[in-house]
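**Student:** Mind looking over this structure? Questions follow.
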Amino acid sequence: MRTLISNANIVNEGKIFCGHLVIENDVIAEISSDPILPHGNYDEYVVATGCIVMPGVIDSHVHFREPGLTHKADIATESRAAAYGGVTSYFDMPNTVPQTTTVETLQEKFELARQKSAVNYSFFFGATNDNANSFDQLPLEAIPGIKLFMGSSTGNMLVDKLEALQQVFTKAGKMPVVAHCEDTEIINERMKTAMVAYGDDPPIWLHPTIRSAEACLKSTKTAIDLARKYDSILHLAHLTTAAELQLIEPVVQGNSLPQITAEAVVAHLLFSQNDYDTKGALIKCNPAVKTTADRDELRHALTDGRICTIATDHAPHRLEEKQGGCRQAASGLPMVQFSLPSMLELTDKGVMSIERMVQLMCHQPALRFGVSQRGFLRKGYKADIVVVKPHTAWRVTPDIIQSKCAWSPVIDHEYHWKVEHTFCNGRHLLNHGTFDEEYRGEPITFSR
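For the sequence shown, the numbering used here begins at 2 and goes up steadily by one.
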């Protein structure tokens, strides 16, 4: 199978140029900036005049809810939503039912994805207070790293004992530790105070006061100190505050990534505390969406190197589960289908260049986690490719939402960038809204 994508504006490795791209079976066979079309016979032609062609997005932070929480979402529905949004690879988090905290539950997730996932997949292994000794049994070539909840978790996945934290950072070895950093004691104390003043379910606008900047900063400092002490690779999940960003060493282009890096997620880049008035609990997530100043500093950090990756923290709930205030409403929102158009809107606003966006959503996730043969448009790499058309107005309506939960915090928003084509391992998975129901993605491999 040979496919020619012609007359595209190709965005790759810090450059944008007009050219053509040839796919042969599951890999990129040729990338050309020559105005003359590459010679040869092709089974399929995609004319991409005026469109952006870029690597498929690697979303390194999603919650697809399977197994055990499939009333909210499942691998089939959410990976389909990913493909509609130009996401060709994802790393799923371990807080499912059962939790992905044993080798057996990890293997079960891979088998589910083999049967159901429309795009490429891998899974984080979850740390607990007592499972660090099992890290040496994990398949290093198959998983992105260890997920560590230092606050905001359920069951035994809250790792809050110093000895257990030390074991996690010691035993992780070459695997990145991805840490959710919020201090539970501060959060609990703030919640008690809010309940005294406002009752059992404090109003949603108090969420960033309860899950405060202080709670984030204290926990993030602890994680950084442990990573430095034990020489571990640390990737800080979903930073939300200007204060935390002051602790981060910028990524310098052309150099290897530093030991400690940080992620921003789409919700914290789009929304601020002011949006609780209109969005309510639809934007409730952990860590909380915070001030406009924090959001603006996160946006600034996209270009100065302090943010290394952009992800979604895609976390669907049924709409009825999102009702209520700080205690009752579930935390998390579905964004995997809309992350790429949303970030392209930020390029239109001058927040970052398109070349920088591709670095943050494709190249640097691959580099941070050691993804093999993906994340770049290179000859011989897997043909994970997205074609996005600008100046194309479309509105988010319930009928176009692919996630099982069938709602979004961007409902009724009008976008002007549209994903027209998604190729996954060379397969034309999404073609002008027509989706290939039969295809299944591949397990991602890692090299460290």
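Every residue gets a Cβ at the ideal spot worked out from N, C-alpha and C, and that includes glycine.
#1: Assuming residue 263 and residue 240 form a contact by the criterion Cβ under 8 Å, report the distance between their Cβ atoms to the nearest whole angstrom.
#2: Do residue 19 and residue 421 come within 8 Å of each other at the CB atom, strictly closer than that value?
#3: Does residue 423 pass the burial test, meaning 16 or more other C-beta atoms within 10 Å, or should it be called exposed?
#4: Taking DSSP as the reference, what is the three-state secondary structure of residue 197?
#5: From what residue to what residue does the beta strand (DSSP E) around residue 430 run?
#6: When DSSP labels each residue in this structure, what does residue 45 get in the three-state scheme?
#7: Use the C-beta contact count for residue 218: other C-beta atoms within 10 angstroms, 16 or more gives buried, fewer gives exposed.
#8: I want to know whether the region 274-289 touches the region 379-390 - three or more CB-CB distances under 8 Å.
#9: Could you tell me if residue 228 is buried or exposed, where buried requires 16 or more neighbouring beta carbons within 10 angstroms of its beta carbon?
#10: Just grab the DSSP bridge partners of residue 435 for me.
#11: Consult DSSP for residue 171 and reduce its assignment to one of helix, strand or coil.
#12: Can you give me the Cβ contacts of residue 345 inside the same chain, cut-off strictly under 6 Å, excluding the 5 residues immediately before and after it?
#13: From the DSSP secondary-structure annotation, give me the bridge partner or partners of residue 263.
#14: Do residue 65 and residue 27 come within 8 Å of each other at the CB atom, strictly closer than that value?
#15: Hey, residue 87 and residue 387 are a contact pair by Cβ (cut 8 Å); roughly how many whole angstroms apart?
#16: Once the 5 residues before and after residue 146 are set aside, which same chain residues still bring their CB inside 7 Å of it?
#17: Report the CB separation of residue 118 from residue 144 in whole angstroms; it is logged as a contact under 8 Å.
#18: Smallest Cα separation from residue 336: which of 392, 433, 107 and 269?
#19: With DSSP as the reference, please indicate the residues paired to residue 415 in a beta bridge.
#20: Considering only the alpha carbon of each residue, which of 278, 406 and 190 lies closest to residue 206?
#21: How many whole angstroms separate the CB atoms of residue 426 and residue 443, which I take to be in contact at a CB cut-off of 8 Å?
#22: Looking only at its own chain, which residues have a Cβ that is under 7 Å from the Cβ of residue 169, when we skip the five neighbours before and after it?
#23: Please list the terminal residues of the continuous alpha helix (DSSP H) segment that includes residue 344.
#24: Does the beta-carbon distance from residue 311 to residue 265 come in below 8 Å?
#25: Please list the terminal residues of the continuous alpha helix (DSSP H) segment that includes residue 252.
#26: Our contact map puts residue 216 next to residue 184 with C-beta atoms below 8 Å; I'd like the distance itself, whole angstroms only.
#27: Have a look at 429, 100, 30 and 167 and flag the residue whose alpha-carbon is nearest the alpha-carbon of residue 230.
#28: Just how far apart, CA to CA, sit residue 151 and residue 391?
#29: Can you tell me whether residue 435 is buried or exposed? The criterion is at least 16 other CB atoms within 10 Å of its CB, across all chains shown.
#30: Tell me which residue opens and which closes the beta strand (DSSP E) that residue 124 is part of.
#31: What residue does the alpha helix (DSSP H) around residue 93 start on, and which one ends it?
#32: When you compare the CB positions of residue 331 and residue 315, do they come within less than 8 Å of one another, or not?
#33: Going by CA-CA distance only, name the one from 343, 31, 174 and 400 that's closest to residue 6.
#34: How far does the beta strand (DSSP E) with residue 148 in it reach, from first residue to last?
#35: Going by Cα to Cα distance, which pick from 91, 12, 85 and 407 is closest to residue 62?
**Tutor:** Put simply:
#1: Locating residue 263 in the sequence shown gives position 262, counting from the first residue. Locating residue 240 in the sequence shown gives position 239, counting from the first residue. Yes, they are in contact, since the Cβ atoms of residue 263 and residue 240 sit about 5 Å apart, within 8 Å.
#2: Looking up residue 421 in the sequence shown gives position 420. Looking up residue 19 in the sequence shown gives position 18. For residue 421 and residue 19, no; Cβs fall outside 8 Å.
#3: Translated into positions along the sequence shown, residue 423 becomes position 422. By the 10 Å Cβ count, residue 423 comes out buried.
#4: Stepping through the sequence shown from its first residue, residue 197 is reached at position 196. Reduced to three states, the DSSP call for residue 197 is helix.
#5: Residue numbering aside, residue 430 sits at position 429 when the sequence shown is read from its first letter. Start and end: 428-432.
#6: In the sequence shown, residue 45 corresponds to position 44, counting from 1. Correct three-state label for residue 45: strand.
#7: Taking the first residue of the sequence shown as 1, we reach residue 218 at position 217. So residue 218 ends up on the buried side.
#8: no
#9: Within the sequence shown, residue 228 is the residue found at index 227, counting from 1. With 16 or more Cβ atoms within 10 Å of its Cβ, residue 228 is classed as buried.
#10: Within the sequence shown, the letter at position 434 stands for residue 435. Bridge pairing for residue 435: 432 [DSSP].
#11: Counting from one through the sequence shown, the residue named residue 171 turns up at place 170. DSSP places residue 171 in helix when its eight states are reduced to three.
#12: Position 344 of the sequence shown, counted from the first residue, corresponds to residue 345. Taken in chain order, the residues that qualify are 418.
#13: In the sequence shown, the residue the question calls residue 263 occupies position 262. Beta-bridge pairing links residue 263 to 237.
#14: Here residue 27 is taken as the residue at index 26 of the sequence shown, counted from 1. Here residue 65 is taken as the residue at index 64 of the sequence shown, counted from 1. Result no, Cβ atoms of residue 27 and residue 65 do not sit closer than 8 Å.
#15: Start at 1 with the first residue of the sequence shown, and residue 87 comes out as number 86. Start at 1 with the first residue of the sequence shown, and residue 387 comes out as number 386. 4 Å between Cβ atoms; contact.
#16: Looking up residue 146 in the sequence shown gives position 145. Correct list, in chain order: 125, 176, 177, 178, 179 and 370.
#17: Locating residue 118 in the sequence shown gives position 117, where the first residue counts as 1. Locating residue 144 in the sequence shown gives position 143, where the first residue counts as 1. Going by Cβ atoms, the distance from residue 118 to residue 144 rounds to 15 Å, so no, they are not a contact pair.
#18: Counted from its first residue, the sequence shown places residue 336 at position 335. Of all alpha-carbon atoms in 392, 433, 107 and 269, the one lying nearest the alpha-carbon of residue 336 is that of 269.
#19: For this step, residue 415 is matched to residue 414 along the sequence shown. DSSP output for residue 415 lists 396 as bridge partner(s).
#20: Numbered from 1 along the sequence shown, position 205 holds the residue referred to as residue 206. Of 278, 406 and 190, the residue nearest in Cα terms is 278.
#21: Taking the first residue of the sequence shown as position 1, residue 426 is located at position 425. Taking the first residue of the sequence shown as position 1, residue 443 is located at position 442. Taking a contact as a CB-CB distance under 8 Å, the pair residue 426 and residue 443 counts as one, their CB atoms being some 6 Å apart.
#22: The residue given as residue 169 occupies position 168 in the sequence shown. Within its own chain, the residues whose Cβ lies closer than 7 Å to the Cβ of residue 169, once the five positions on either side in sequence are excluded, are 128, 133, 147, 149, 160 and 178, listed in chain order.
#23: Locating residue 344 in the sequence shown gives position 343, counting from the first residue. Its alpha helix (DSSP H) spans residues 340-349.
#24: Within the sequence shown, residue 311 is the residue found at index 310, counting from 1. Within the sequence shown, residue 265 is the residue found at index 264, counting from 1. For residue 311 and residue 265, yes; Cβs fall inside 8 Å.
#25: Numbered from 1 along the sequence shown, position 251 holds the residue referred to as residue 252. That residue, residue 252, is in no alpha helix (DSSP H); it is neither H nor E in DSSP.
#26: Within the sequence shown, the letter at position 215 stands for residue 216. Within the sequence shown, the letter at position 183 stands for residue 184. Indeed, because the Cβ distance is near 4 Å, the residues count as touching under 8 Å.
#27: Looking up residue 230 in the sequence shown gives position 229. Minimum Cα distance to residue 230 is reached at 167.
#28: If you number the sequence shown from 1, residue 151 lands on position 150. If you number the sequence shown from 1, residue 391 lands on position 390. For residue 151 and residue 391, the distance between alpha carbons rounds to 41 Å.
#29: As a working note, residue 435 is residue 434 in the sequence shown. Answer is exposed; the Cβ neighbour count stays below 16.
#30: Start at 1 with the first residue of the sequence shown, and residue 124 comes out as number 123. It spans 121-124 - the beta strand (DSSP E) in which residue 124 sits, taken as one unbroken run.
#31: Taking the first residue of the sequence shown as position 1, residue 93 is located at position 92. From DSSP, residue 93 is part of no alpha helix (DSSP H) but of the beta strand (DSSP E) over 88-93.
#32: Mapped onto the sequence shown, residue 331 falls at position 330. Mapped onto the sequence shown, residue 315 falls at position 314. No, the Cβ-Cβ distance between residue 331 and residue 315 is not below 8 Å.
#33: Taking the sequence shown and counting its residues from 1, the one referred to as residue 6 is at position 5. Checking every option, the nearest Cα to that of residue 6 belongs to 31.
#34: What you label residue 148 is simply residue 147 of the sequence shown in a count that begins at 1. Run containing residue 148: 147-150, per the beta strand (DSSP E) assignment.
#35: If you number the sequence shown from 1, residue 62 lands on position 61. Of 91, 12, 85 and 407, the residue nearest in Cα terms is 91.
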